[in-house]
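Residue numbers (the numbering used here): 2 to 668.
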């Protein structure tokens with residue numbers, strides 16, 4: 002009986018913390034992922050009342066159950082489940098069409114005008130926006146449009162039926178679609194999105210390859226929950242028993258995921274994880290530790306004030322062990338040597354045409370923070386930033402015709418809000434005068450002998466087409482996504498990338514680009530064959546071999562991956578050289594030389610003084626988000642937490658957890 006009382010009190014404390022977390026996420030338009038460790042407590046005792054509270058707060062809610070045959074390695078299936086089960090307090094039906102119908106009923110004749118205004122405010126775009134707007138345009142007699150909405154999320158190609166739609170919903174586009182769905186929910190007038198994944202312990206029972214894929218998906222959701230053009234005002238719960246957290250098949254076997262979720266992962270002394278229910282703890286325990294009473298919050302959940310929103314957004318990030326986007330410099334400590342290297346790289350790229358560098362660091366060492374620092378430096382230097390990840394979700398590094406679209410959509414350009422390439426295209430066409438300037442630039446490039454000339458000719462034809470959005474489709478490479486890996490299609494994709502960079506230089510005066518290639522360790526994960534790695538190296542030979550003018554290319558790897566890459570480089574790149582379809586742009590010889598000779602930028606482990614400074618800065622973020630808290634033992638805490646020189650992630654998390662505990666729990 003005592004155990005049940007303890008569990009009940011812990012759940013009540015967890016519900017209050019969760020409510021505060023949802024209020025934070027809605028106000029700051031942030032997003033996070035929380036893992037729930039059930040222990041011996043039935044998860045429904047927490048999730049059922051949580052869903053009710055979220056509905057009262059104005060959230061749209063969706064819950065799915067993971068089974069042995071339905072793992073997280075199929076993200077498009079999971080997103081379909083979320084879409085089918087979406088519900089809100091103003092409709093009795095489930096599904097995204099029910100939310101759209103409720104919006105149409107409330108807005109009446111001005112539904113499209115209101116939707117367009119809300120969509121612009123929420124930065125909603127892409128196929129999700131087009132499909133939703135089409136439904137609303139025929140809401141009263143829209144049986145066909147209802148079928149189109151459902152068909153889109155089932156994977157049907159709606160491009161032929163909807164003006165401006167570009168493709169299909171698939172595993173390749175699911176992550177982008179999920180982010181857009183959270184923006185659609187905001188545009189429809191809801192506070193945010195609550196997504197719940199129950200029985201995720203089944204992931205530990207999957208085969209090794211499927212389990213690794215599922216854990217990689219979870220890691221990607223954490224990394225991209227709150228970022229440029231990512232999920233907003235949303236929380237995803239992933240719930241499971243002890244099998245998900247402990248054992249040889251638990252999430253700890255995936256080191257990138259473990260360092261983002263588990264308390265001590267990445268440090269030699271992995272002490273026991275705190276169980277206090279805090280608003281943004283990465284792991285929520287539904288049962289207090291044996292012999293301890295649950296710690297109940299001393300505050301009533303409240304919406305953060307507008308003045309604290311930016312700090313709250315940063316707090317959400319650092320609570321998950323991730324660097325804060327907007328307040329990145331707040332936690333940038335000990336990067337003086339890195340800045341000197343970047344200065345030299347940027348200068349050499351401007352003068353010598355192209356430079357290549359390696360960035361090496363173990364999981365949890367701070368590579369993500371360093372890459373964000375590079376991004377901030379590049380944007381300040383008027384350099385476009387391109388990112389190409391080798392995630393399992395986007396396992397197409399060797400297919401430029403397929404990964405070209407995500408390379409374009411994920412690009413960040415100098416300017417307020419780090420606009421995308423498509424944002425700049427819209428700006429270049431905003432007036433007749435600007436559109437003429439764009440047309441002249443395309444004509445000049447097309448008539449030149451530049452490498453981008455063929456792509457410019459294709460873009461000119463698209464710009465005069467009667468088909469709506471033809472130019473956008475051309476510059477996004479939508480016609481390339483389903484093509485084979487033939488030399489002509491690879492050439493076309495490379496040329497269109499060069500065209501984008503040429504346009505940015507001519508119309509915006511940008512400097513040479515910075516290309517970040519991340520997650521290269523996935524080339525050596527289970528299920529990746531030698532031929533796939535060889536094909537990937539062929540694309541890397543273009544990006545890293547000097548074909549991008551005035552570019553600074555940085556390949557981020559773990560030390561183990563770099564060693565394997567270098568061991569394979571000679572033999573495997575020799576095989577690439579023998580391929581008859583190899584393009585001149587794919588300079589294999591240069592890639593081999595650079596891989597073997599480049600001295601990596603090491604993610605250095607911080608000393609005690611820097612770690613102590615980092616802890617103090619993390620505390621400042623907590624205070625800015627919550628207000629000042631009295632902590633007379635802070636100096637003693639810092640001295641203890643930096644002993645043994647733990648990872649920077651560990652120190653930041655410990656400082657934020659302490660500050661949040663003092664604010665939320667009063668101790």
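Glycine included, C-beta positions come from ideal geometry on N, C-alpha and C.
How about residue i and residue j: are their beta carbons less than 8 Å apart?
i: residue 401; j: residue 495; result: yes
i: residue 554; j: residue 522; result: no
i: residue 387; j: residue 412; result: yes
i: residue 1; j: residue 285; result: Because the chain spans 2 through 668 in this model, residue 1 falls outside it and cannot be assessed.
i: residue 192; j: residue 27; result: yes
i: residue 375; j: residue 515; result: yes
i: residue 646; j: residue 606; result: yes
i: residue 643; j: residue 613; result: yes
i: residue 215; j: residue 357; result: no
i: residue 299; j: residue 200; result: no
i: residue 210; j: residue 76; result: no
i: residue 475; j: residue 483; result: no
Residue i lies in the alpha helix (DSSP H); which residues open and close that run?
i: residue 477; result: 471–477
i: residue 495; result: 488–509
i: residue 407; result: 401–410
i: residue 544; result: 531–545
i: residue 593; result: 589–598
i: residue 135; result: 127–138
i: residue 98; result: 97–108
i: residue 223; result: 209–224
i: residue 293; result: From DSSP, residue 293 is part of no alpha helix (DSSP H); its letter is neither H nor E.
i: residue 455; result: 454–464
i: residue 657; result: 649–665
i: residue 566; result: 560–578
Based on DSSP bridge pairs, tell me the residues matched to residue i.
i: residue 519; result: 390
i: residue 357; result: 554
i: residue 61; result: 194
i: residue 240; result: 37
i: residue 66; result: 199
i: residue 603; result: 361
i: residue 235; result: 32 and 194
i: residue 413; result: 386
Can you check which of these residues, the options, is closest to residue i by C-alpha distance?
i: residue 136; options: 127, 125 and 148; result: 148
i: residue 290; options: 535, 10, 611 and 581; result: 10
i: residue 566; options: 456, 531 and 201; result: 531
i: residue 600; options: 564, 628 and 586; result: 564
i: residue 80; options: 96, 175 and 29; result: 175
i: residue 65; options: 437, 84, 350 and 221; result: 84
i: residue 488; options: 539, 471 and 470; result: 539
i: residue 287; options: 17, 252 and 483; result: 17
i: residue 498; options: 404, 428, 468 and 244; result: 404
i: residue 297; options: 305, 311 and 279; result: 279
i: residue 443; options: 477, 549, 507 and 663; result: 507
i: residue 33; options: 132, 256, 462 and 323; result: 323
i: residue 595; options: 78, 89, 155 and 547; result: 547
Taking just the CA atoms, how far does residue j sit from residue i?
i: residue 659; j: residue 260; result: 19 Å
i: residue 541; j: residue 283; result: 35 Å
i: residue 239; j: residue 492; result: 42 Å
i: residue 12; j: residue 593; result: 56 Å
i: residue 641; j: residue 363; result: 24 Å
i: residue 182; j: residue 129; result: 7 Å
i: residue 603; j: residue 568; result: 19 Å
i: residue 572; j: residue 456; result: 34 Å
i: residue 226; j: residue 581; result: Annotation note: pLDDT 49 at residue 226 (below 50); position unreliable, no value reported.
i: residue 585; j: residue 139; result: 51 Å
i: residue 197; j: residue 562; result: 34 Å
i: residue 367; j: residue 242; result: 30 Å
i: residue 281; j: residue 319; result: 9 Å
i: residue 519; j: residue 152; result: 34 Å
i: residue 253; j: residue 178; result: 28 Å
i: residue 53; j: residue 101; result: 21 Å
i: residue 328; j: residue 146; result: 43 Å
i: residue 623; j: residue 22; result: 14 Å
i: residue 471; j: residue 424; result: 16 Å
i: residue 664; j: residue 630; result: 6 Å
i: residue 19; j: residue 579; result: 58 Å
i: residue 445; j: residue 378; result: 31 Å
Could you pull the start and end residues of the beta strand (DSSP E) that residue i belongs to?
i: residue 370; result: Looking at the DSSP string, residue 370 is not in any beta strand (DSSP E); the run it does join, the alpha helix (DSSP H), is 368–381.
i: residue 36; result: 32–38
i: residue 286; result: 284–286
Is the beta carbon of residue i within less than 7 Å of some heavy atom of the ligand SAH?
i: residue 232; result: What this structure holds is no ligand at all, so the ligand SAH is not there to describe.
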